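S.K.: Chains as they are written, first to last, in my numbering: chain A, 828 to 1179; chain B, 466 to 850; chain C, 32 to 358.
Have a look at this one before I ask anything.
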Ligand SMILES: Nc1ncnc2c1ncn2[C@@H]1O[C@H](COP(=O)(O)OP(=O)(O)OP(=O)(O)O)[C@@H](O)[C@H]1O
Ligand SMILES: [Mg+2]
């Protein structure tokens, strides 16, 4: 295996879509910070990755590692007033044009344009992500009317179609229901309908199925894949559930304490995890049909206000070396599509 | 063989318990400490609240040392000096700076209206002396008698806030008035808290029928509009009651509506905290009830109670002021800000003697300070707001 | 819903009985009676004590009867709209109340309107611009409003009116207009003065409302549905008004019912100082001279309004919030 250090993720390893023309989103050295009472929280701290057109990119990592903040940054909806995009670029490609989302003020007109035309997001909690005082129909129609210049009647027609599409029936009646009248699964579908009604190029799904039971989860995932095929959109899929990652995604990024530690195709991540953190993550999660004993990663995620120097994972790492606590690990290309931010993959590393 | 395995299991279990134990205590300490620490961190950022604390400290200290700070006894009458305008302490004259002095005041009876007319006599400069020992003595909280005053004038008088219609020094009366006005809220709040903790506590802890009865009582008390109730009860106080009796009666009247809010807060807190994870965890780990109450319930309730009582005090101060102003609360010879404001009953008096308003400024400042502190505490106790 | 209202109304009946008892207790608490106060004041003014007349009044109003008999005599008339007699004016309580209620309700409703019109936008602004200079400024002035005793503010405004504009702002209209039929001139006179109690009482309630609205807005602005709306590309102003404020205002709407009793008790102290033709000053006078049926009736009405108000609040809440259904 050849191993070459690079400075950032994503330079290599896109064999499927080798030419950059297929790139939809490039996140470059993104830093998103929060001024919390306890101190400065570097929730996202120098993240690089890319999303190709039509692909599903999975994001995994323990709680608090910055997955949601990354996705909110892409929407340019970092919670104010404590949070802000500190630096970095979020380049969005559309119609041959490249715009840097991070350079627009969150509430600017241009940002709103981008959101309503190209972006959509599904939030973690379906019950609180829809306004309780408007019917699901009116909330779907609002997005449609913002996106396409259509009459109320046409918007309603399309809303009915969307509701049908996501499997809420009878659509004609349910369209006038309030969120509290629907179950959690139905609300999740409604939210997907809201998100997809505007035909987005990029759908960000932040743990879209955690609130649901297994059968509903399966239905919703099927639905998302189906709709993705149909609309040819890209999905950034955030989840804790590695089974879902295996089922849904093409490539995976692994995050730890605000940094990406590994990127690879879903097969690589599952069968040849490089970073000890990824390895630990895989070992700690129960899998049907696998009888090996579970071994959780020892220790716990360090406090975000008090991170260890250099490799943040070092204190918990079973393969820690001296260099891990004295120098920041760079990103190493390992194999064709896989990169890891870990000293283990340093060619000259043997003697360290 | 089997015994050995059992032993091994036991040991494992024991070890696990040990770990759990230490983890829980560590977390407990972390929580208890960080709760107050975070609150303080947040509170420190609230400038208005910090300012409020300073103002209140100054006010309560002045109330404690009123005897020393004021030149006269609050009920002493200077028949020659009725309705004198406030006198300015001056530190400059035609020769530049000099030690502080006030101009003399001479009074003459208008032969036609028979009212006293006062003129400032700029030729007479009376030096203000500090740490003055005059003829006035006062008892320092019953500990000792002294005649030491912060300032005074050897020959003549000094009326910083002017005098009232009976020739009493408004400054001395205002500072002394702080004693009743500022303590009525505190005593009232103590009563409210005790009643509130008691009823809210049993209501939340016992639940069931007890809870139901207390809740109905609470609802009914809430339903009684404050002002008419206060007025009704204030009017019911017998004329012949002493100052002390009336004082406590007013306190009770004011806290009659105050305890209810407190009881609700306490009950709500107990109900919500009972269900919280760390209490459940503590209970599962076998912590005793007493420990749960003292380590978890009380610290969590405390900040809410603190916020609520800070916000309830200004209401009580305003209540006393309004009642006394209307003649339904404290009455002379008691000296409180409300009593002092009685003299500002009608516009005519006020138009002629605007310094009658001065105690009102003290009321506003004190109430404002309490409100700011309460608001700061509320923001601090609630991590999100 | 209808069932719910009927049930709630039925529950109110024993409460109202209880309220009449409490009101009566409050007014019979002071020792002595109207006659004693009356005689005492006559004596003070050097007037002749007409022992016989006093006895006659006592007998007529049953002031020597046991308390429970007096209570019964009072409540007995309620079904017929009789609330007892005003001793000092020798006419039915209901007449006095009917005369003063319209003014009371007028002033109070205008006050509420004033408070809401200012407090809601300010609360929204303060939440959206949390910790901005404007937020601090409004907070400061809001608290200043609550901290000034109503009677003091009333006095200050009257003082300024007199000193700087030479107008007497007490009362609602110059005495000569009292009892006159309404005409443009009279309305102008009222308009010239009515703002005084509105500002005095309104500023006192403003801060509380601003704080609640601000807090609710902050709560709502943190909700995921706000981010969801933004992610659709909804404009920020619409997110604030259509989404956040729409829900933030619900708890406030539910307090409208709670404001009902304030129609009577809210401006009481200001009314006394300003000499308004409202119920507040009447209650004060009645308490001072122990005109018990008048005082008791006013207290009772204000408590009953609380009950009605609470019911109204619950109904309103169900109307504005589709999640709430009573069955
Ligand atoms: N609204 C906020 N205010 C302040 N700090 C925040 C906020 N949101 C996130 N953070 C900080 O950013 C860090 C990362 O949070 P984030 O929500 O991205 O984690 P996550 O990976 O999505 O976790 P989870 O799997 O639990 O959703 C948190 O530890 C927290 O300190
Ligand atoms: Mg998250």
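The beta carbon of each residue, even a glycine, is placed where N, CA and C say it ideally should be.
This structure is a prediction, so every number in the text was calculated from the model and none was measured.
Going straight from the alpha carbon of residue 540 of chain B to that of residue 638 of chain B, what length do you get?
M.R.: So the two alpha carbons sit approximately 7 angstroms from each other.
S.K.: Assess contact between the region 89-98 of chain C and the region 34-41 of chain C, defined as three or more Cβ pairs (one per stretch) separated by less than 8 angstroms. Is contact present?
M.R.: Too few Cβ pairs lie closer than 8 angstroms, so no.
S.K.: Under the three-state reduction of DSSP, which class applies to residue 702 of chain B: helix, strand or coil?
M.R.: Coil, per DSSP.
S.K.: Just to make sure I have the definition right: I need the residues of chain C whose C-beta is within less than 9 angstroms of the C-beta of residue 832 of chain B. Which are they?
M.R.: Going along chain C in sequence order, the residues near residue 832 of chain B (Cβ under 9 angstroms) are 174, 177, 178, 179, 180.
S.K.: Assess contact between the region 229-247 of chain C and the region 173-185 of chain C, defined as three or more Cβ pairs (one per stretch) separated by less than 8 angstroms. Is contact present?
M.R.: Yes: at least three Cβ pairs fall under 8 angstroms.
S.K.: Using only alpha-carbon positions, find the residue among B:613, B:620, B:647 that is nearest to residue 522 of chain B.
M.R.: It is B:647.
S.K.: Would you check if the distance between the CB atom of residue 946 of chain A and the CB atom of residue 1029 of chain A is smaller than 9 angstroms?
M.R.: A contact, by the Cβ cut-off of 9 angstroms.
S.K.: For residue 1068 of chain A, is the beta carbon positioned less than 8 angstroms from some heavy atom of ligand 2?
M.R.: False, no ligand heavy atom lies under 8 angstroms from that Cβ.
S.K.: Starting from the Cα of residue 254 of chain C, find the closest Cα among A:878, A:865, A:903, A:959 and give me that residue.
M.R.: Checked all of A:878, A:865, A:903, A:959; the closest Cα to residue 254 of chain C is A:959.
S.K.: Applying the criterion that 16 or more other CB atoms from any shown protein chain within 10 Å of the CB defines a buried residue, is residue 93 of chain C buried or exposed?
M.R.: Classification for residue 93 of chain C: exposed.
S.K.: If you draw a straight line from the alpha carbon of residue 626 of chain B to that of residue 1133 of chain A, how long is it in whole angstroms?
M.R.: Each residue's alpha carbon lies about 57 angstroms from the other.
S.K.: Whole angstroms are fine: how far does the CA of residue 842 of chain B sit from the CA of residue 494 of chain B?
M.R.: Caution applies to residue 494 of chain B, whose pLDDT of 46 falls short of 50 and renders its modelled position unreliable; the model cannot decide the point.
S.K.: Given a cut-off of 9 angstroms, decide if residue 552 of chain B and residue 632 of chain B are closer than it, judged by their beta-carbon atoms.
M.R.: Against a cut-off of 9 angstroms, the Cβ pair of residue 552 of chain B and residue 632 of chain B comes out as no contact.
S.K.: Are there 16 or more other CB atoms within 10 angstroms of the CB of residue 659 of chain B, so buried, or fewer, so exposed?
M.R.: Under this definition residue 659 of chain B is an exposed residue.
S.K.: Using a Cβ-Cβ distance cut-off of 9 angstroms, determine whether residue 1040 of chain A contacts chain C.
M.R.: Judged by the 9 angstroms Cβ criterion, residue 1040 of chain A is not in contact with chain C.
S.K.: Could you spell out the range, first to last residue, of the alpha helix (DSSP H) harbouring residue 34 of chain C?
M.R.: Element bounds for residue 34 of chain C: 33-59.
S.K.: Decide if residue 115 of chain C is buried, meaning its Cβ has at least 16 other Cβ atoms within 10 Å, or exposed.
M.R.: Counting Cβ neighbours within 10 Å, residue 115 of chain C comes out buried, since at least 16 surround it.
S.K.: Let me know the alpha helix (DSSP H) ranges lying completely inside the region 86-131 of chain C, each 4 residues or longer, listed in chain order.
M.R.: Correct list: 98-107.
S.K.: How big is the Cα-Cα spacing for residue 656 of chain B and residue 609 of chain B?
M.R.: Taking the straight line joining both Cα atoms gives about 31 angstroms.
S.K.: DSSP state of residue 1016 of chain A, grouped into three classes?
M.R.: Reduced to three states, the DSSP call for residue 1016 of chain A is helix.
S.K.: Whose CB is closer than 7 angstroms to a heavy atom of ligand 4? List the residues in chain order.
M.R.: No copy of ligand 4 appears in this structure; the ligands present are ligand 1 and ligand 2.
S.K.: So for residue 1004 of chain A, helix, strand or coil by DSSP?
M.R.: Here residue 1004 of chain A sits in coil by DSSP.
S.K.: Cutting at 8 angstroms between CB atoms, please list the residues of its own chain near residue 1179 of chain A, excluding the five before and the five after it.
M.R.: Here the model assigns residue 1179 of chain A a pLDDT of 44, short of 50, so the residue's position is not dependable and the matter cannot be decided.
S.K.: Taking Cβ-Cβ distances shorter than 7 angstroms, what residues in chain B pair up with residue 323 of chain C?
M.R.: Going along chain B, no residue has its Cβ under 7 angstroms from residue 323 of chain C, so there is no contact; the nearest lies around 10 angstroms.
S.K.: Suppose the cutoff is 8 angstroms on Cβ atoms and the five residues either side in sequence are ignored; what does the same chain contact list for residue 188 of chain C look like?
M.R.: Here the set comprises 200, 227, 230, 231.
S.K.: When you check each C-beta in the region 891-915 of chain A against every C-beta of chain C, which residues fall closer than 8 angstroms?
M.R.: Cβ contacts with chain C: 899, 902, 904, 906, 908.
S.K.: Buried or exposed for residue 605 of chain B, going by 16 or more other Cβ atoms inside 10 Å?
M.R.: Residue 605 of chain B comes out exposed.
S.K.: For residue 162 of chain C, which residues does DSSP report across the bridge?
M.R.: For residue 162 of chain C, which the question treats as bridged, DSSP gives no partner whatsoever.
S.K.: Do you know offhand how far residue 34 of chain C's Cα is from residue 987 of chain A's?
M.R.: Distance between the alpha carbons of residue 34 of chain C and residue 987 of chain A: 35 angstroms.
S.K.: Output yes or no for whether 9 angstroms exceeds the beta carbon distance between residue 1140 of chain A and residue 883 of chain A.
M.R.: No.
S.K.: Taking 8 angstroms as the cut-off, is the beta-carbon of residue 897 of chain A closer than that to any non-hydrogen atom of ligand 1?
M.R.: Yes, the Cβ of residue 897 of chain A comes within 8 angstroms of a heavy atom of ligand 1.
S.K.: Could you check the C-alpha separation between residue 798 of chain B and residue 805 of chain B for me, to the nearest Å?
M.R.: Going from the Cα of residue 798 of chain B to the Cα of residue 805 of chain B covers about 10 angstroms.
S.K.: For residue 258 of chain C, which residues of its own chain have a beta-carbon under 7 angstroms away from its beta-carbon, when the five flanking residues on both sides are left out?
M.R.: The answer is none, since no qualifying residue turns up.
S.K.: Please name the residues in the region 257-270 of chain C whose beta-carbon is closer than 8 angstroms to at least one beta-carbon of chain A, in chain order.
M.R.: Listed by position along the chain: 258, 259, 260, 261, 262, 263, 264, 265, 266, 267.
S.K.: Applying a beta-carbon distance threshold of less than 9 angstroms, which residues of chain C neighbour residue 794 of chain B?
M.R.: Per Cβ cutoff of 9 angstroms: no residues; residue 794 of chain B is ~12 angstroms from chain C at best.
S.K.: Residue 506 of chain B CB to nearest chain C CB: under 9 angstroms?
M.R.: With 9 angstroms as the cut-off, residue 506 of chain B does not count as an interface residue toward chain C.
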